[in-house]
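A short worksheet on the structure shown next.
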């Protein structure tokens, strides 16, 4: 029987993850970092494939010493295949596999890890909930980037004043009331550029009529076209400061994708564990059925020979063994149902819910997978989501510190303005608008705005807080990397250990089988009317139990070895990366 590729998690599942769930990040012009996709609807698969590759961490300066240390581990020997009593024969197939992998009900469904992980990514509500988070974070990037969009504005109003005159200079005549009617409108464009400057181009129009002798002409139409620009020279200046919120949103989106990658790997690991638990439960049920039938055959044989040479004590002992082994079958059946329920929960595929029985497609592998400690450590440094999160957090805190240092500077803004204006009789507004381009010349103004709070305590407190946050993030980064490397080392050793356990369990299973066969032959040949026959029956029943236990332990060792390979991939952060390496 060909061993399954347990060192691989579903190339199709990976494609689905990369294309449909983790979203995208596109390099934006003028930005040093990758900015996430901000489409409201799902983009085409091609755009996902083109953008799903995150910037590699292999050249990140903070990882350089750890990568060098991982390369130094080349001097240490790689994990070697232990062989306590020789390897398991190539092509070995356990006797229970045929029955354990065979359907027993009409509405049965054969499932493999590949299709289960694929279906989990498609149907699991947990996966859907997890995959929504990066899409939510992408909207923040679009929101922050929109701060540099052009904005249109328009306002208009009409005033009709009728006020008592308290000063003759108000009207210049003997009227007791000042009657003033005005209409005004103001519209145009505004924009904040990436250097921090604010530009406004606005057109003002107005018409006025009153009873004052000082308004000339009366009535009149007015027009004024203005261009205003405010540019920060110290606090708030520069592309770095003004794009900081966009970069922070981009890093936050990357953090969400790293978190999603980690959560998806955990979920798919649970699916894999549930799959092998199902295989384990079905194998154990098959083993216990055979164990039960062996005891029942002995019991039936003793009952048939009661009038010849079997003793009542032997019959009672055999009957007790039959009853005990029957109860174990019930427990094994319950374990199968529990494993199936767990798979249905994790995958949530309607096809699984319609099937009365789930059948594993393949049994665990028994072949050794060569593992290099150096390669595993290097791969983990580049691919582990938690290391990527720690790196992003460092970048976020470093960026915030730079922003806080900029805010320590005093506010010094350059103010510039220019305009053209027009005037026309009889409230002819559009004639006034035309005159603004032909009469007179443009006016302008230039100035500076200075502001600095006494003591500048707020900015200093923010800068100090950011420095502590950077120090905290740096320590957390070191702890994350060291923890990750330790987990990889443990996972590599666990692969070697579980393989050695599997080899030992295989030899123990063979020995137990030989012992049972020997005692079974002795029991058939030895006359029943003898004290040694009763002892031999006890030995035979105990030997059968030991053989079943060793077979169950061998299945456990197989499953543990398979899961150790998967957990190694999880420790390296590559559980979602397809591989052609056999398992």
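In the numbering used here, the protein residues as written are 165 to 747.
Here a beta-carbon is modelled for each residue, glycine too, at the ideal position from N, C-alpha and C.
- Out of 416, 369 and 678, the CA that lies nearest to the CA of residue 299 is found in 416.
- Here DSSP, grouped into helix, strand and coil, assigns residue 224 to coil.
- For residue 586, the closest of 612, 573 and 602 by C-alpha to C-alpha distance is 602.
- Cα atoms of residue 682 and residue 703: separation of roughly 11 Å, rounded to the nearest angstrom.
- Using a 10 angstroms sphere on the CB of residue 305, the tally of other CB atoms reaches 16 or more, which defines it as buried.
- Counting only residues of its own chain and dropping the five nearest sequence neighbours on each side, residue 307 has a CB closer than 8 Å to the CB of 413.
- Nearest Cα to residue 226 within the set 518, 433 and 559: 559.
- Between residue 515 and the set 282, 652, 593 and 400, the nearest pair of CA atoms involves 282.
- Residue range 607 to 615 is occupied by the beta strand (DSSP E) that includes residue 614.
- Here residue 464 is exposed, its C-beta having fewer than 16 other C-beta atoms within 10 Å.
- Per the DSSP secondary-structure output, residue 632 pairs with nothing in a beta bridge.
- Burial is judged here by how many other beta carbons sit within 10 angstroms of a residue's own beta carbon; residue 370 has at least 16 and is buried.
- Residue nearest to residue 635 within the set 366, 581, 565 and 652 is 565 (criterion: CA-CA distance).
- The C-beta distance from residue 550 to residue 644 rounds to 6 Å, short enough to meet the 8 Å contact threshold.
- Taken through DSSP and simplified to helix, strand or coil, residue 253 comes out as coil.
- The criterion of a C-beta distance shorter than 8 Å is not satisfied by residue 582 and residue 611.
- In this structure residue 547 is not in contact with residue 276, their Cβ atoms being roughly 25 Å apart against a cut-off of 8 Å.
- Residue 320 carries a strand assignment under DSSP once its states are collapsed to helix, strand and coil.
- DSSP places residue 578 inside the beta strand (DSSP E), whose first and last residues are 575 to 589.
- Between the alpha carbons of residue 665 and residue 721 lies a distance of about 6 Å.
- For residue 729, the closest C-alpha among the options 554, 494 and 440 is that of 440.
- Only exposed fits residue 491, as fewer than 16 other CB atoms lie within 10 angstroms of its CB.
- For residue 387, the enclosing beta strand (DSSP E) starts and ends at 384 to 396.
- Between residue 375 and residue 340, the C-beta spacing is not below 8 Å.
- Pairwise C-beta distances place the segment 570 to 577 in contact with the segment 392 to 404, as three or more of them are shorter than 8 Å.
- For the set 653, 604, 451 and 501, the Cα lying nearest the Cα of residue 712 is the one of 451.
- By the beta-carbon neighbour count (other beta carbons within 10 angstroms, threshold 16), residue 232 is exposed.
- For the pair of segments examined, the segment 473 to 480 was found not to touch the segment 508 to 527: the number of CB pairs separated by less than 8 Å stays below three.
- Under the DSSP assignment, residue 454 falls in the alpha helix (DSSP H) whose first and last residues are 408 to 468.
- Residue 523: member of the beta strand (DSSP E) spanning 521 to 524, first to last residue.
- Around the beta carbon of residue 381, a 10 Å sphere encloses fewer than 16 other beta carbons of the protein chains shown; the residue is thus reported as exposed.
- Membership of residue 281 in the alpha helix (DSSP H) is indicated by the continuous run 277 to 287.
- Residue nearest to residue 672 within the set 717, 633 and 651 is 717 (criterion: CA-CA distance).
- Here residue 489 has 452, 455, 456 and 459 as same chain residues with Cβ atoms under 7 Å from its own Cβ, once five neighbours each way along the sequence are excluded.
- Where residue 507 is concerned, the enclosing alpha helix (DSSP H) starts and stops at 476 to 511.
- Around the beta carbon of residue 236, fewer than 16 other beta carbons sit within 10 angstroms, so the residue counts as exposed.
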